[in-house]
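Participant: Numbering follows this note's numbering, with no gaps: position 306 of the sequence shown is 294.
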Amino acid sequence: MKYHLITLGCPKNKVDSDGIEMLLRSANYRPTERQQDADVLIVNTCGFLEAAKEESIGVLQELGRRKRKHQILVAAGCLVQRNGAEVVKRVPKVDGLLGTRRWMEVLELLAQIRGGKERRRHERYMMLGDAELAGMSYLDANHAPALLGDPAADFMVAMPRPPVTAGSAYLKISDGCNAPCAFCTIPSFKGKLRSRPLEAIVDEASALVAAGARELVIVAQDTTDYGRDRGEPNSLPRLLTTICNRTDDRLRWVRLMYAYPGHVSDELIEVMASQPKIVPYLDMPLQHGDPRTLRRMRRPSRLEMVYDHIEKLRAAMPEIALRTTFIVGYPGETEEEFQGLLDFVRAIEFDKVGAFTFSPEPGTPSAELPDPVDDEVKQERYARLMETQQPISLRKNQAQVGRMLEVLVEGEGKIEGSNDPLLLARSYRDAPEIDGLVLVPGVRGVASGEMIEVNINGAMEYDLVGEPLIAEVFSSKRSTPIALS
Ligand code: SF4
């Protein structure tokens, strides 16, 4: 039996997909890249933003269009949890639905679908484990916690060990979120914060290291709120310390994503600075840099607190790479507020900035706000924000020239317009999938997941260029130069 699994959305979804894959493999399913060869087609959907929803529906419809009679099509993940009814309506070929905290029931679901082939379609949906989900009548925020049910508890304790890709693995420490951000739908379908037990996370970390992980990327909706639901707020420093102490030296990097301003404690900064395995890198999505917009977003709006965090982080770890994310074009965002954001960006000088234009999500307080910003203005502000950040990112990257950095090899590429090899790698300054790369021209034959040391000799806005310090990794000489700005 073969499966074809497509994962959309964020790293948290990727972790769930890894779990689904492990379960399928344990039942002797094998992966296939080709849809036509698969017995089971699964799409782990994203439902965070309207555009992501449409992409998920589009992928499902495309699979449904080409689906053969014996094949089973399953929609899983956030969009299903958020609006299973719409998935069923728009993708009539779908055979099964799996909510976000029920992916561990994938094998039961497949068995039920097979057993119910002769039944009428709506009955088949009703068998899929979540009557409310399948009943196509839900979802509102109040309903979600009851819907999620107890199976989540099992997942929290014993998550199947996910595979390790290119020496890196995501480690999910909690699910759901307690924050009240006015634009975000996540708490409405993920529910409140639920932290996994510390021992379960540490066991999984050890297993991932044994399976080849040199890097663990800590993810959750809000990593810094870990433990609050267990009556132990600010447990993240203890968790990180335990992971570092209980894993062997094959683990080189522990990377922290999705920190919430206000939850970044002095203790956390101290642990980050003192544990050699924790990389000096922090992703702290701030969403905006003007207090008025932040208040309407229902986000922490005291910028002094953010400046204070950044000052302490930089004092404790002068090499730290700071990443953040902003939303532009939020309802009511005046030119003056937007200028406030640009001033903030110039003042802090983040190493890396991601940005989105605001899109109203049905059911969120933001969707009801007056004074929407025109699409054209949103796009123009997005471009101005990125133009403001680019020279800062370039300067930060140029400051790396001359440094020796350890990099994790992700794969090989080619220099454009030539056949010269190019090693693709990441330094501690780059998170997988969202940040830049360290390009090492003229080198081949280093396996993905290996770590080598490189001397940085070039910098672009997003990527760095380096040459390896170890002579034997050279197997050809670069003949085509890379264009550097
Ligand atoms: S902290 Fe993140 S996940 Fe939680 S409500 Fe805010 S935006 Fe959503």
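Built from N, CA and C at the ideal position, the CB exists for glycine as well.
Looking at the structure shown, is PHE326 part of a helix, part of a strand, or coil, going by DSSP?
Facilitator: Reduced to three states, the DSSP call for PHE326 is helix.
Participant: Determine which residues share a DSSP beta bridge with SER183 and list them.
Facilitator: SER183 is bridged to SER162.
Participant: Pop quiz: VAL442 and LEU457 are said to be a contact at Cβ under 8 Å. What is the actual Cβ separation, rounded to whole angstroms?
Facilitator: Correct: roughly 7 Å between the Cβ atoms.
Participant: Comparing the CB of GLN100 with every heavy atom of the ligand SF4, is any distance shorter than 7 Å?
Facilitator: GLN100 Cβ: outside cutoff for every heavy atom of the ligand SF4.
Participant: Which word fits ASP408, buried or exposed, when buried means at least 16 other C-beta atoms lie within 10 angstroms of its C-beta?
Facilitator: With 16 or more other Cβ atoms within 10 Å, it is buried.
Participant: Helix or strand or just coil, what does DSSP make of MET230?
Facilitator: The sequence given here has Thr at residue 230, not Met. Residue state, collapsed to three classes: helix.
Participant: Quick check on the burial criterion: 16 or more other C-beta atoms within 10 angstroms. Buried or exposed for MET392?
Facilitator: Burial call: exposed.
Participant: Using the beta-carbon count (16 or more within 10 Å), is VAL79 buried or exposed?
Facilitator: Buried.
Participant: I'd like the list of long-range same chain contacts for VAL453, defined as Cβ closer than 8 Å, with 5 residues on each side in sequence excluded.
Facilitator: Hits under 8 Å: VAL426, LEU427, VAL428, PRO429, ILE444, ASN445, GLY446, ALA447, ILE470, LEU472.
Participant: Identify whether PRO348 lies in helix, strand or coil by the three-state DSSP scheme.
Facilitator: The answer is coil: DSSP assigns PRO348 none of H, G, I, E or B.
Participant: Buried or exposed for PRO225, going by 16 or more other Cβ atoms inside 10 Å?
Facilitator: Buried, since its Cβ has 16 or more Cβ neighbours within 10 Å.
Participant: If the criterion is Cβ atoms closer than 8 Å, does the pair LEU357 and PRO319 meet it?
Facilitator: Result yes, Cβ atoms of LEU357 and PRO319 sit closer than 8 Å.
Participant: Is any heavy atom of the ligand SF4 found at a distance shorter than 7 Å from the C-beta of CYS169?
Facilitator: At least one heavy atom of the ligand SF4 is nearer than 7 Å to the Cβ of CYS169, so yes.
Participant: Within a Cβ cutoff of 7 Å, which residues of the same chain sit near GLN23, ignoring the five residues on either side of it in sequence?
Facilitator: Excluding positions up to five away in sequence, the list reads HIS(-8), LEU29, LEU51, ARG54.
Participant: Taking only three categories from DSSP, how would you classify ASN407?
Facilitator: Coil, per DSSP.
Participant: Over what stretch of residues does the beta strand (DSSP E) that includes ASN16 continue unbroken?
Facilitator: No beta strand (DSSP E) contains ASN16, which DSSP labels as neither H nor E.
Participant: Going by the CB atoms, is the gap between LEU37 and ARG202 shorter than 8 Å?
Facilitator: No, these two residues do not count as a Cβ contact at 8 Å.
Participant: Run through DSSP, which three-state label would ALA122 get?
Facilitator: Residue confidence is low: ALA122 scores 35 on pLDDT, short of 50, so the model does not pin down where it sits. No coordinate-derived value is stated.
Participant: At 4 residues or longer, what runs of the alpha helix (DSSP H) sit wholly inside the region 187 to 245?
Facilitator: Runs of the alpha helix (DSSP H) inside the region 187 to 245: 224 to 234.
Participant: Tell me whether the region 304 to 323 and the region 341 to 361 touch, counting them as touching only if at least three CB pairs, one residue from each stretch, are closer than 8 Å.
Facilitator: Judged by Cβ distances under 8 Å, the region 304 to 323 makes contact with the region 341 to 361, as three or more pairs qualify.
Participant: In three-state terms, what does DSSP make of LYS402?
Facilitator: DSSP places LYS402 in strand when its eight states are reduced to three.
Participant: Just the Cα atoms here: how many angstroms apart are MET(-11) and ARG311?
Facilitator: The alpha-carbon atoms of MET(-11) and ARG311 are separated by roughly 42 Å.
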